[in-house]
Structure formats: structure tokens, C-alpha cells
Amino acid sequence: MPAAATAPSRTPARPVLPPALPWTGASERLVVAADHPWITPAERAGFATTPGYAEVRAWLDRLAAASPLISVETFGTTSEGRDLVFVRASKGAGQRPVVLVQAGIHAGEIDGKDAGLMLLRDIAMGGKAHLLDRVDLVFVPILNIDGHERTSAWNFPALRGPDQKGYQRNARNINLNRDYAKADAPETRAIITLLRRFDPILYVDCHVSDGFDMQYDITFTYAGWGRYARHRATADWLEDRFGPAVTAALERAGHVPAIYPSPIDTRDPAKGIRYAPEGPRYSTGYGDFIGVPTVLVENHMLKPYRQRVLGTYVLLEEAIRLAGAEAPRIVAAKARDRASRPRTLLTKWQPAAAPIGWVDQFKGVAFDTYRSPVTGRDEQRWLARPITFRMPIIGQEATQRVTLPRAWWIPPAQAEVIDRLQLPWHPLRGA
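In terms of this note's numbering, the sequence shown opens at residue 926 and continues consecutively.
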């Protein structure tokens, strides 16, 4: 009798990631008990898994039915026809400043979704409604829903959890965080329309990084690290106010935060981290072009999913608190930026000849190298041993600037270009 067929495994046969650094922090107290009536799906699963779109939608609809602070709305459809949804948490007192948070633009990098569900629960049912005293929260739990539903253990294999992850790109194979300027995808057009509708005082885009191993777990950054921002007033607020406040909150909760260290060479971390301008194809660059303070959250891929979600919760809670406390200052910074009309635009740059600064005690992780029988070259083996070293910061030097025209002449035949420029808040139209 022939042996029964065996279904292929949905998970890798053996661990492929280096050992995780040990961690515990005060943010562990954010996780509710197993019998809590509003436990989120990720908490119930011990953060081993993350819920699918239908389960997220059902949980949010149930929360909205139970709390007058919560409402759920649609704001478009995906390439495959799924409803894009956002949650508004509000005390409903007229026109109020909005903090807009999105998760899952890269659907495998989904920490923001599960952190946002926990935070919404605690705002509605857990004594944190005071976060809405001065601002509303608008939360997009999954922007790339079609990619989110293409789950596999082999998507984003370098991320330590959850077990099944979504796909980076949408159903048309478009990377949505490269699409803000050209707006080819319906999801991109929908989020641009949402930005136009709410004109937020703070826009937060949640991701997970790749790169090299390090001790930092929750990292974040802004357009061009602030230094190369197109609009200075909002960039200064992010650097001077947002960064220090969020860093302090994360440290109090037991996390190890930093400005996102974008590596020059992942095989040789000591070569430095990159500070560079950003164009409007990214969420951060786009936010800078339209004068909206925009934060890119880049959690570290090798930290456990539970740790990353809890750190994201702390960051988002502090971001909402700070935005509420400083709303007049942010509104004034936006107004100053939008009143400015730069005459030139930086279009090309190259690495600076010398470092523009140093991180004297960069919190890295030791590694050795081995000859891989697969690649035939030396590869890294991370050893889960904390080290510190001096890290250079590599800035950029301008090699080309263009003078911006007073108007654009576009032949009528270029219908697609005209269509893009007619979108609300296209970066070439200004703020």
C-alpha cells in the first residue's frame, strides 16, 4: 500500500535566524490577560500570529459598536476590490487636529496593525480616552490589503515573526512606498485623498527594517533625517520635539530606540550609516513636500514580534500625546512651510567626502564570517553578543539643483501626466 501523501510544510523546517537578544520591559504590562473581553487576536495568539483582514475588520466593527469613541469608515478599494478602511477615534467635538497612522503599506511589516488595535482598545475601554482630549486619531490598520492576504512563512524570511506574513507589494506588484509621486495604485490614490481630507498635524507610517543586527529595537526617522528636508519648520519640530519625547518614552518602557541607522554596507556596519535626501515617492518624502510632519517607524527585523509590537504601541501613544500637547506649534510650523516657495529643487547628490558626524557608542551586535557552501562567499553569522563601536555618519553633497518653473506646459496627449497632476496634493503642485 503506498504511503500517504504528506502536505508541504507551511513553515521553515528549522530556525534560520540568529539567536535573539534577551529582552524585558515595562511595556509588557500593556498586554491584557487571556480572559480579557477585548483581547486582540495577536495577544490571544501570544504574538505568534497576526490576524487576517476579515478578522481585523470584524474586531474593529465590534469595538465601534461598543464604544461611542470609535467609528469605522471605508476610503477606497484595493486593486482586487477589497474595502480600504480607517478607524477614527474621537470625542467628536467639531473640527479637531488629526494624527494619521498607517500600517501595512508593506504588508509583511505589520507591527503597526497589532499595536494600533491594542491602543484603540485601551482608548475605548482601558482608561486612555484622555489621548483624544485635543486630537483625533485616524488609523489605517492595513493599507496594502491584497498583499496582506498573500500570507506565507517565506514572505519576509528575515523578520522574526509573526509566523505567516503578507507580501511586500500589492496585487499589481507595485511597491506602495515608492508610489506617492506617480500614484499608479488605487491604494496610493486613496491614502493621498485621505491626507487631503484630514490634513494631519502628524503622519506616521509603520514599517520593519532590514539591514544588520544591532541592539536597537524601535527606530524611526524623517525626510532626509531632517538635515536635508525641503521644509524646515516641520523638520525642526520633528527633530527638536518629536524625537526626544518618543525616545524618552521608549526608554522608560524598556526599549532601545534610535534614529533609524540606514547602513552603507550591511556586511561591514563600521563603514557607517547614511543621511540622505528623500524624494516624494516615499511617504516621508511626500509628507515633506506637502508640509505635513511625517515619521517613518522602522522596527528592527530580528527582534521578537511581541517586543516590536509593544514598542510600536509606546511610540504611537507618545506621538498622539505629544501632538495634542503641541498642536498649535505644529500648525504654525506647517503654515510657515507652506508659505515658503523654494526656487530650486535638489535632484542629484553623492556621498560626502568625510563623515558629517559620529555615533560614539553605537549599540551593535558582534558577528563572525564563514564561507557559505550556498553562495560561495563569506557570509555573516550574528552572535547575539552586544558590542559598541564608533559609527560614522555619512552625509550627502549636492551635485545638481534645478530651478523650479513658474508653470508646467504639458501636451494634451500626455493624459496620464495630466491625470497625476490633477490629484489633490500632487507634490509638483505644492502644498
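Glycine residues also receive a C-beta, built at the ideal position from the N, C-alpha and C atoms.
None of the values given here were measured: they were computed from a predicted structure.
### Beta-carbon proximity list for Ala-1178, same chain, < 6 angstroms, skipping 5 on both sides
Shown here for Ala-1178: same chain residues with a beta carbon closer than 6 angstroms to its own, the five before and five after excluded, namely Gly-950, Ala-951, Ser-952, Val-1239 in chain order.
### At least three beta-carbon pairs within less than 8 angstroms, the segment 1318-1329 to the segment 1184-1198
Note that the segment 1318-1329 touches the segment 1184-1198; at least 3 beta-carbon pairs, one per stretch, sit closer than 8 angstroms.
### Task
Kindly indicate which residue of Val-1129, Ile-1070, Asp-1142, Lys-1016 has the alpha-carbon position closest to the one of Gly-1001.
Selected option, being the one with the closest Cα: Ile-1070.
### Message
Can you find the residues in the same chain that come closer than 8 angstroms, C-beta to C-beta, to Ala-1174, ignoring five residues on each side of it along the sequence?
### Response
So the list reads Val-1239, Leu-1240, Glu-1242, Glu-1243, once near-sequence residues are dropped.
### Query
In the segment 1191-1229, which residue ranges form an unbroken beta strand (DSSP E) of at least 3 residues, counting only runs that do not cross its ends?
Runs of the beta strand (DSSP E) lying entirely within the segment 1191-1229 and spanning at least 3 residues, in chain order: 1219-1224.
### Task
Please report how far the alpha carbon of Ala-932 lies from the alpha carbon of Leu-1025, in whole angstroms.
Legend: pLDDT at Ala-932 = 39, less than 50; position of this residue unreliable, value from coordinates given subsequently. Ala-932 and Leu-1025 have their C-alpha atoms roughly 43 angstroms apart.
### Query
Is the segment 1003-1014 close to the segment 1200-1212, with three or more CB pairs under 8 angstroms?
By the C-beta criterion, the segment 1003-1014 is judged not to be in contact with the segment 1200-1212, since fewer than 3 inter-stretch pairs fall below 8 angstroms.
### Cα-Cα separation, Ala-1158 to Val-941
Computed Cα separation, rounded: 45 angstroms.
#### Entry: Enclosing beta strand (DSSP E) for Arg-954 [first to last residue]
Unbroken run through Arg-954: none, as it is neither H nor E.
### Task
With distances taken Cα to Cα, identify the nearest neighbour of Arg-1075 among Asp-1058, Tyr-1230, His-1031.
It is His-1031.
### Task
With a threshold of 16 other CB atoms inside 10 Å of the CB of Phe-1314, please say whether the residue is buried or exposed.
Phe-1314 comes out exposed.
### Query
If you check the beta carbons only, do Leu-1329 and Leu-1270 fall under 8 angstroms apart?
Result yes, Cβ atoms of Leu-1329 and Leu-1270 sit closer than 8 angstroms.
#### Entry: Residue from Val-1290, Ser-992, Arg-1097 whose Cα sits closest to the Cα of Gly-1017
Residue Ser-992 is the option with its Cα nearest to Gly-1017.
### Message
Am I right that Leu-1068 and Gln-1093 are in contact with their C-beta atoms under 8 angstroms? What's the rounded C-beta distance?
### Response
12 angstroms between Cβ atoms; not a contact.
### Task
Would you identify the three-state DSSP class for Val-1284, choosing helix, strand or coil?
Val-1284 falls in the strand class under three-state DSSP.
### Query
Does DSSP classify Pro-1317 as helix, strand or coil?
Shown here, Pro-1317 sits in a strand according to DSSP, grouped into three states.
### Task
Determine the closest residue to Pro-1276 out of Asp-1138, Met-1043, Pro-1188, with distance taken between C-alpha atoms.
Pro-1276 has its Cα closest to that of Pro-1188, out of Asp-1138, Met-1043, Pro-1188.
### Message
In the DSSP output, which residue or residues are listed as bridge partners for Trp-1274?
### Response
Trp-1274 is bridged to Ala-1323.
### Query
Taking 8 angstroms as the CB-CB limit, is Gly-1001 close to chain C?
No chain C appears in this structure, which consists of one protein chain only.
### Message
Among the candidates Phe-1214, Asp-1109, Glu-968, whose CA atom is the shortest distance from the CA of Val-956?
### Response
It is Glu-968.
### Message
Check whether the segment 1051-1062 and the segment 1102-1113 touch, using three or more Cβ-Cβ pairs below 8 angstroms as the test.
### Response
Result no; under three Cβ-Cβ pairs closer than 8 angstroms.
#### Entry: Proximal residues to Asp-1039 (C-beta, below 7 angstroms), its chain only, five neighbours per side dropped
Only Thr-965, Ala-967, Thr-975, Val-1234 meet the Cβ criterion.
### Message
Using 8 angstroms for Cβ pairs, my map puts Tyr-1200 next to Trp-1150. What's the rounded Cβ distance?
### Response
At roughly 4 angstroms, the Cβ-Cβ gap stays under 8 angstroms, so Tyr-1200 and Trp-1150 are in contact.
### Query
In terms of residue numbering, what span does the alpha helix (DSSP H) encompassing Ala-1108 cover?
Note, Ala-1108: premise wrong, no alpha helix (DSSP H); not H, not E.
### Message
Using a Cβ-based criterion (distance less than 7 angstroms to any ligand heavy atom), does Gly-1001 qualify as near the ligand PLP?
### Response
This structure lacks the ligand PLP, and indeed carries no ligand of any kind.
### Task
At 4 residues or longer, and completely inside the segment 1102-1171: list those alpha helix (DSSP H) runs for me, N to C.
For the segment 1102-1171, whole alpha helix (DSSP H) runs of length 4 or above, ordered along the chain, are 1111-1123, 1157-1162.
### Message
Please list the terminal residues of the continuous beta strand (DSSP E) segment that includes Gly-1001.
### Response
First-last of the beta strand (DSSP E) with Gly-1001: 995-1002.
### Task
Spell out the partners DSSP gives Gly-1289 in its beta bridges.
Met-1139, Ile-1312.
### Query
Ordered along the chain, which non-local residues of its own chain (more than five positions away) have a Cβ less than 6 angstroms from that of Ala-1154?
These residues qualify, in order along the chain: Ala-1148, Ala-1160, Asp-1213.
### Query
Do you know how far the Cα of Arg-1085 is from the Cα of Val-981?
When the Cα atoms are used, Val-981 and Arg-1085 turn out to be separated by approximately 21 angstroms.
### Query
Using CA coordinates, which residue listed in Thr-1172, Arg-1261, His-1073, Leu-985 is at the minimum distance from Ala-1049?
Taking Ala-1049 as reference, the option from Thr-1172, Arg-1261, His-1073, Leu-985 with the minimal CA-CA separation is Leu-985.
### Task
Taking only the alpha-carbon atoms, compute the straight-line gap between Gly-1019 and Leu-1346 and give it to the nearest angstrom.
Going by the C-alpha atoms only, they are around 32 angstroms apart.
### Query
Sorted by chain position, which residues of the same chain lie with C-beta nearer than 7 angstroms to Gly-977's C-beta, five sequence neighbours on each side aside?
Cβ neighbours of Gly-977 beyond the five flanking positions: Glu-1074.
### Secondary structure of Gln-1232, DSSP reduced to three states
Secondary structure of Gln-1232 (DSSP, three-state): helix.
### Query
Expressed to the nearest angstrom, what Euclidean distance is found between the alpha-carbon atoms of Ile-1343 and Ala-990?
One C-alpha to the other measures close to 42 angstroms.
### Task
Just confirm the distance between the C-beta atoms of Asn-1080 and Lys-1090, as a whole number of angstroms; I'd bet it's less than 8 angstroms.
About 4 angstroms separates the two Cβ atoms, so the contact holds.
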